[in-house]
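A.B. asks: So that we are looking at the same thing, I have put the structure below in structure tokens.
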Amino acid sequence: MHLEKGEKHKGFREKLVYRCCLFSSRENIELKVYLVMKLAKTYDPNLYEPNIYAMWEQSNAFDPTGKGEPFSIVMPPPNANGNLHIGHALTVTLEDAMARYYRMKGRDVIYIPGADHAGFETWVVYDKVLTSKGVNRFDFSREQLYSQVWNFVDQQRGNMELQLRALGVSASWKNLVFTLDEKVIKTVYSTFKQLLDDGLIYRGERIVNYSTKYQTSYSDIEVDHKKEKGTLWHIAYPSSDRISEIVVATTRPETMFGDTAVAVHPDDARYKDLIGTNVFLPLTDRIIPIIADDTVDPTFGTGAVKITPAHDPNDFEMGKRHNLDRIQVIDFNGTMINVPPQLIGLSVDEARKLTLSLLQTQELLRGETAIEHSVGYDYKSGLPIQPLIKDQWFIKIQPLAQRAKQALIDGEINFTPESRKRVLIQYLDNLHDWNISRQIPWGIPIPAFQNVDQPDDWIFDERVDEKTIVIDGKTYKREEDTFDTWFSSGQWPFITTDALDGGPLSRFYPNSVMETGSDLLDRWVARMIMLGLYRTDKVPFKHVYLHGMVLDEKGQKMSKSKGNVINPIETIASHGSDALRLGIIANRSAGQNQAFSTNRVIAGRNFCNKLWNIARFTESKVGDNFKSTDPQPSTMADHWIVRQLMTALADIEQKVESYRFAEASETMYHAIWDDAADWYVEASKSQDNPAMLAWVLDTSLKMAHPFAPFVTETIWQALPWHEGLLITTSWPAKVDYDEIAAAEFARLAQLITEIRFVVTELPGNSRYGLLYGADSLIADNAQLIQRLARLKSVDFTDQPRGLRLAVSGREAWLDISAETLREHQANLEIRLAETYSQIDNLEKRLSNTAYVEKAPVALVEESRTQLEQCQTLVKRLTSELEVIK
RNA sequence: GGGUCCUUAGCUCAUUUGGCUAGAGCGCCACAUUGACGUUGUGGAGGUGAAAGGUUCGAAUCCUUUAGGACCCACCA
12 MHLEKGEKHK GFREKLVYRC CLFSSRENIE LKVYLVMKLA KTYDPNLYEP NIYAMWEQSN
72 AFDPTGKGEP FSIVMPPPNA NGNLHIGHAL TVTLEDAMAR YYRMKGRDVI YIPGADHAGF
132 ETWVVYDKVL TSKGVNRFDF SREQLYSQVW NFVDQQRGNM ELQLRALGVS ASWKNLVFTL
192 DEKVIKTVYS TFKQLLDDGL IYRGERIVNY STKYQTSYSD IEVDHKKEKG TLWHIAYPSS
252 DRISEIVVAT TRPETMFGDT AVAVHPDDAR YKDLIGTNVF LPLTDRIIPI IADDTVDPTF
312 GTGAVKITPA HDPNDFEMGK RHNLDRIQVI DFNGTMINVP PQLIGLSVDE ARKLTLSLLQ
372 TQELLRGETA IEHSVGYDYK SGLPIQPLIK DQWFIKIQPL AQRAKQALID GEINFTPESR
432 KRVLIQYLDN LHDWNISRQI PWGIPIPAFQ NVDQPDDWIF DERVDEKTIV IDGKTYKREE
492 DTFDTWFSSG QWPFITTDAL DGGPLSRFYP NSVMETGSDL LDRWVARMIM LGLYRTDKVP
552 FKHVYLHGMV LDEKGQKMSK SKGNVINPIE TIASHGSDAL RLGIIANRSA GQNQAFSTNR
612 VIAGRNFCNK LWNIARFTES KVGDNFKSTD PQPSTMADHW IVRQLMTALA DIEQKVESYR
672 FAEASETMYH AIWDDAADWY VEASKSQDNP AMLAWVLDTS LKMAHPFAPF VTETIWQALP
732 WHEGLLITTS WPAKVDYDEI AAAEFARLAQ LITEIRFVVT ELPGNSRYGL LYGADSLIAD
792 NAQLIQRLAR LKSVDFTDQP RGLRLAVSGR EAWLDISAET LREHQANLEI RLAETYSQID
852 NLEKRLSNTA YVEKAPVALV EESRTQLEQC QTLVKRLTSE LEVIK
């Protein structure tokens, strides 16, 4: 069994590699779709997608045209050495649909792709490589590590970009930006310099979130806070006169060796007299003071709290207020230092146990209580985060945050979903200074140097490859830290468009839309807005569209451990890229975490096949020598399909432009399947207007192209009457139609539907003939009706017999026997009853004077019309029943 | 503690400023069919919109409360 599974997997890999080779091939893209289309009944995406993509790319179809109003989207850069997951598929499907739509609408479109060095993420991967080789980062210099990781990433690179191609993104590859490209680094340095000059960056000792596993600090957003049950230990600190004691409560007894005070609330009657006295720090020979501070909560624990400025952010602040010493007792690798000899070198956990047992021995433990508190964990390793003091670079964030907030309040950026804007404003208000230093080598070095003789003297200098530099006889030592990745990616919109130096792409700044996952609202979107405004005085984008997480079909989060991960590339290999795109865009609204099922993908695949077959039929009807002309609707069906497609187009435009992608694709789907295929193609079997048929196909292809680019372009290329590319053709133009003729066809369709319904309801399954009286609509379309309603015959009669068709109100009878007729009676009676109840409702509504007076006139008018129609129907049904009786 | 969101058909979800009989896909039932398509066609069943109350001529939609669920932020000795 396992073998089989493995082999299947292997087969898939080979297929994938093959496809990726095709995507990257630059030769032999001559397409032989045309001949194949005549033969193959089903559309096989694997045969065409790679070549179609290569064709687009070689034709420069993804490049901006320089004509029309600019429209720009910058892709959130996927990890350069990673693989795409289903979330990327959603992102790029939405982005690409917009890019393709606006391109066809004549806008000057750019979709800028990117690749992320993914600083910390990649570093974690590489760190494992080092570990597996039995070495560690401290065996190498920053330069050595940087170039090692660079080579490592370089080997893996390209895969992600091929996968984006497989998804069909119409991105401007020539303008791809890697987050470690020179222009990125240059801009990041200049932003740093400007912040420094403006006094918005400072270096200082602060308590940072420290990962002892990866030996780097984190920003607040990289810490996972988990609520958990813990223990609050009560520990007695004997007073210096050995007469009394004060009992403190703590969850972290091992940090007591770093205590430099005990704090109580100034008004706490229990301890008032003790303020200013000293206590012995147990297990040591140190004496520490009891101090008073407002921030102590007298109702928590014992009301007395040990103060450890080196290992707790609040204690750190209190320590500053009271001039307390900071004694570091946990090292940067997570082991104990500056503690009694038997504890030195222990891990935090071991130290806690030993400390407690030592206190126990000395009878200083005064009890313990269970509490629920939240503990910060390293989001990557899952180990606890240690709050430690470190010299770090910080951005004074509030000036930037408030400016961003004002821009949001002023409505300079719109959000889908709208409510996220308020969430963001709240976030900006609560934002603390941003630690931008990271102690990992894979990233952009912080361009700062420290005077070796004067530690407070820091200067900006870009010569980061030099370990020391000499300026005016003073020696400066470089900063070894690198920037937080979000500091550089927060500048992404203006870097990728060269907005600062006004290059040719700067017309695309601010970006039209920023589309990304709602989980990135604070960590990325907020930072782009702040830094964008700071550097360019403009918001970086005009609209933010946030999508939710893609869950598995049961609504569970996808994860490797659960084994429910859907690999988009695998889905493409089995159902095609378009099918995946159609499947993932359907049934999905902004901001919601929503389930994704392959059912939808299958539906998408079926739709592609539908298009394929409409094309096959059209081509066979239209012939090889057809020359495309302006559509000339002549028959009722022609006018009707023009009306349907025009209505659908307008609807799609409105929906895409208001970011309602699922609804837009649904409209497109139904216009093509229900109207074009089910009615118009069927109707055209009884009429001859090849130019119209070709126009219907062309319009359908254009309409579907933003959502299903590959199959539409494949067909377009196969049709002998097209020369250029569908991707660069224009969105369908308005075509006039005759509303009356269109409405006539709709009535005909109604009649046909009624016949189908009645026939299905009739006992037996034989075909019936249709008799009609003085009804020119039926007379003129006898053949069409016969075919579509599957009738034996359609004949004129002046002697009606059989079953009168009541609903559509035509002079028409189904030629059935009296016996069958009687069996049908019951159906009619049900329908009559339903109509009566509808009339009842309408009458109630219309007799309500408040409704008639206050509701819009059109609505009231509509109700009246409906009532009339129902009353007519009742008459007909009644008379029909009389005939039967 | 502060905030956001969700609860609609068997399943997954739509339904934009309140307004026609609340719609799709899949699933289900019945029937059909040999040349565009079985990855098909035709017809159908299935919803007191989480619960209760309110505003309104009219509520899935707005307000209040309750229940259940997801998430974000802050603090936690």
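Residues in the first sequence are numbered consecutively from 12, following the working numbering.
No residue lacks a Cβ here, since even glycine has one placed at the ideal position from N, Cα and C.
Got a sec? Which residues, its chain only, sit under 6 Å from I40 by beta carbon, not counting five neighbours each side?
C.D. replies: Stepping through the first sequence from its first residue, residue 40 is reached at position 29. With a pLDDT of 46 at I40, under the threshold of 50, the modelled position of this residue cannot be trusted, and the question is left open.
A.B. asks: With burial defined as no fewer than 16 other Cβ atoms inside 10 Å of the residue's Cβ, what is the status of W161: buried or exposed?
C.D. replies: Here residue 161 corresponds to residue number 150 of the first sequence, with the count starting at 1. Flag for W161 reads exposed.
A.B. asks: Rounded to a whole number of angstroms, what is the C-alpha to C-alpha distance between I580 and F426?
C.D. replies: Locating residue 580 in the first sequence gives position 569, where the first residue counts as 1. Locating residue 426 in the first sequence gives position 415, where the first residue counts as 1. Straight-line Cα distance between these residues: approximately 30 Å.
A.B. asks: Measure from the alpha carbon of I595 to the alpha carbon of each residue in M560, V199, L622, E429, then state which is nearest.
C.D. replies: The count along the first sequence starts at 1 and reaches residue 595 at position 584. Answer by Cα proximity: M560.
A.B. asks: Given Y390, which residues of its chain have a CB within under 6 Å of its CB, disregarding the five upstream and five downstream residues?
C.D. replies: Here residue 390 refers to the residue found at position 379 of the first sequence. Excluding sequence neighbours, Y390 sits near E233, D235.
A.B. asks: Please list, in chain order, all residues of the same chain as F311 whose beta carbon is under 8 Å from its beta carbon, the five residues on each side excluded.
C.D. replies: Residue mapping note: residue 311 aligns to position 300 of the first sequence, counting from 1. The residues A260, in chain order, have a CB closer than 8 Å to that of F311 in the same chain once the five nearest residues on each side in sequence are set aside.
A.B. asks: From this set, V770, V612, V868, which residue's C-alpha is nearest L825's C-alpha?
C.D. replies: Working through the first sequence from its first residue, we reach residue 825 at position 814. The shortest C-alpha separation from L825 is found at V770.
A.B. asks: Going by DSSP, name the residue or residues bridged to W742.
C.D. replies: The count along the first sequence starts at 1 and reaches residue 742 at position 731. BP columns for W742 are empty, so no partner.
A.B. asks: Should the segment 329-337 be regarded as contacting the segment 249-259, the criterion being three or more beta carbon pairs within less than 8 Å?
C.D. replies: no
A.B. asks: I need the straight-line Cα distance from R449 to F131, nearest angstrom please.
C.D. replies: In the first sequence, the residue the question calls residue 449 occupies position 438. In the first sequence, the residue the question calls residue 131 occupies position 120. Each residue's Cα considered, the two are about 9 Å apart.
A.B. asks: For the beta strand (DSSP E) holding L354, just list the boundary residues, first then last.
C.D. replies: Your numbering for residue 354 matches position 343 in the first sequence. Premise fails: L354 is in no beta strand (DSSP E) and is neither H nor E.
A.B. asks: Looking at C-alpha atoms only, which residue of K204, L591, R414 is the closest neighbour of L442?
C.D. replies: For this step, residue 442 is matched to residue 431 along the first sequence. Of the candidates K204, L591, R414, the one whose C-alpha sits nearest the C-alpha of L442 is R414.
A.B. asks: Could you check the C-alpha separation between Q882 and R654 for me, to the nearest Å?
C.D. replies: The residue given as residue 882 occupies position 871 in the first sequence. The residue given as residue 654 occupies position 643 in the first sequence. Near 29 Å, if we compare the C-alpha coordinates of R654 and Q882.
A.B. asks: What did DSSP end up calling G125 once you bin it into helix, strand or coil?
C.D. replies: In the first sequence, the residue the question calls residue 125 occupies position 114. Here G125 sits in strand by DSSP.
A.B. asks: Going along the chain, which residues of its own chain have a beta-carbon closer than 7 Å to the beta-carbon of V120, five neighbours each way excluded?
C.D. replies: Residue numbering aside, residue 120 sits at position 109 when the first sequence is read from its first letter. Contacts found: P75, F82, A110, Y113, R114.
A.B. asks: What distance in whole Å lies between the Cβ atoms of D809 and G784, which are believed to be in contact at a cut-off of 8 Å?
C.D. replies: The sequence position of residue 784 within the first sequence is 773, counting from 1. The sequence position of residue 809 within the first sequence is 798, counting from 1. That belief holds up - the Cβ atoms of G784 and D809 are roughly 7 Å apart, short of 8 Å.
A.B. asks: How about Y122 and S183: do their beta carbons lie closer than 8 Å?
C.D. replies: Position 111 of the first sequence holds residue 122. Position 172 of the first sequence holds residue 183. For Y122 and S183, yes; Cβs fall inside 8 Å.
A.B. asks: Tell me the rounded alpha-carbon separation between A675 and D589.
C.D. replies: Residue 675 sits at position 664 when you count from the first residue of the first sequence. Residue 589 sits at position 578 when you count from the first residue of the first sequence. Taking the straight line from one Cα to the other gives about 15 Å.
A.B. asks: Taking 7 Å as the cut-off, is the CB of G125 close to at least one heavy atom of the ligand ADP?
C.D. replies: With respect to small molecules bound, the structure shown includes none, and the ligand ADP cannot be examined in it.
A.B. asks: In this structure, does DSSP put Q226 in helix, strand or coil?
C.D. replies: Position 215 of the first sequence, counted from the first residue, corresponds to residue 226. Three-state DSSP puts Q226 in coil, outside helix and strand.
A.B. asks: Are there 16 or more other CB atoms within 10 angstroms of the CB of I570, so buried, or fewer, so exposed?
C.D. replies: Translated into the one-based positions of the first sequence, residue 570 becomes position 559. Looking at the sequence itself, residue 570 is Ser, so the reference to Ile does not match. Classification for S570: exposed.
A.B. asks: Let me know the secondary structure DSSP gives S255 once reduced to three states.
C.D. replies: Numbered from its first residue, the first sequence carries residue 255 at position 244. Three-state DSSP puts S255 in coil, outside helix and strand.
A.B. asks: Between the alpha carbons of V463 and I299, how many angstroms are there, rounded?
C.D. replies: Start at 1 with the first residue of the first sequence, and residue 463 comes out as number 452. Start at 1 with the first residue of the first sequence, and residue 299 comes out as number 288. Distance between the alpha carbons of V463 and I299: 35 Å.
A.B. asks: Buried or exposed: G501, going by 16 or more other Cβ atoms within 10 Å of its Cβ?
C.D. replies: For the purposes of this step, residue 501 is identified with residue 490 of the first sequence, where counting begins at 1. With 16 or more other Cβ atoms within 10 Å, it is buried.
A.B. asks: My output table needs one value for H443: the three-state DSSP class, helix, strand or coil.
C.D. replies: As a working note, residue 443 is residue 432 in the first sequence. It is coil, neither helix nor strand.
A.B. asks: When you compare each of L708, M679, A321 to I338 by their alpha carbons, which one comes out closest?
C.D. replies: Here residue 338 refers to the residue found at position 327 of the first sequence. That would be A321, whose Cα lies nearest to the Cα of I338.
A.B. asks: Among S787, E724, I841, which has the Cα closest to the Cα of E60?
C.D. replies: Numbered from its first residue, the first sequence carries residue 60 at position 49. Looking at the Cα atoms, E724 is the closest of the given residues.
A.B. asks: According to the Cβ coordinates, are D562 and N604 closer than 8 Å?
C.D. replies: Counting from one through the first sequence, the residue named residue 562 turns up at place 551. Counting from one through the first sequence, the residue named residue 604 turns up at place 593. The sequence as given places Leu at residue 562; Asp does not occur at that position. The answer is yes: Cβ separation under 8 Å.
A.B. asks: So is T640 buried or exposed if we call it buried at 16+ other beta carbons inside 10 Å?
C.D. replies: On the first sequence, position 629 is the one that residue 640 refers to. It is exposed - the Cβ of T640 has fewer than 16 other Cβ atoms within 10 Å.
A.B. asks: Residues in its own chain within less than 6 Å of D533 by CB, not counting five upstream and five downstream?
C.D. replies: Taking the first residue of the first sequence as position 1, residue 533 is located at position 522. Counting only Cβ-Cβ distances below 6 Å, and skipping sequence neighbours, we find Y438.
A.B. asks: Can you grab the Cα-Cα spacing for the pair D270 / P410, in whole Å?
C.D. replies: Mapped onto the first sequence, residue 270 falls at position 259. Mapped onto the first sequence, residue 410 falls at position 399. Answer to the nearest angstrom: the Cα atoms are 35 Å apart.
A.B. asks: Taking just the CA atoms, how far does I652 sit from K745?
C.D. replies: Start at 1 with the first residue of the first sequence, and residue 745 comes out as number 734. Start at 1 with the first residue of the first sequence, and residue 652 comes out as number 641. If you take the alpha carbons of K745 and I652, they lie about 13 Å apart.
A.B. asks: Which whole-angstrom value is the C-beta distance of V386 and E265, which I expect to be below 8 Å?
C.D. replies: Within the first sequence, the letter at position 375 stands for residue 386. Within the first sequence, the letter at position 254 stands for residue 265. Their Cβ separation, rounded to whole angstroms, is 14 Å, which puts V386 and E265 out of contact at 8 Å.
A.B. asks: In chain order, what residues of the same chain have a beta carbon less than 6 Å from the beta carbon of V805, not counting five sequence neighbours either side?
C.D. replies: Looking up residue 805 in the first sequence gives position 794. Answer for V805: L781, A793, I796, Q797, listed in chain order.
A.B. asks: Hey, out of A129, H96, P56, N186, whose CA is closest to P515's CA?
C.D. replies: Taking the first sequence and counting its residues from 1, the one referred to as residue 515 is at position 504. It is N186 whose Cα lies nearest to the Cα of P515.
A.B. asks: In terms of alpha-carbon separation, which member of N859, P867, L799, R887 lies closest to R842?
C.D. replies: In the first sequence, residue 842 corresponds to position 831, counting from 1. That would be R887, whose Cα lies nearest to the Cα of R842.
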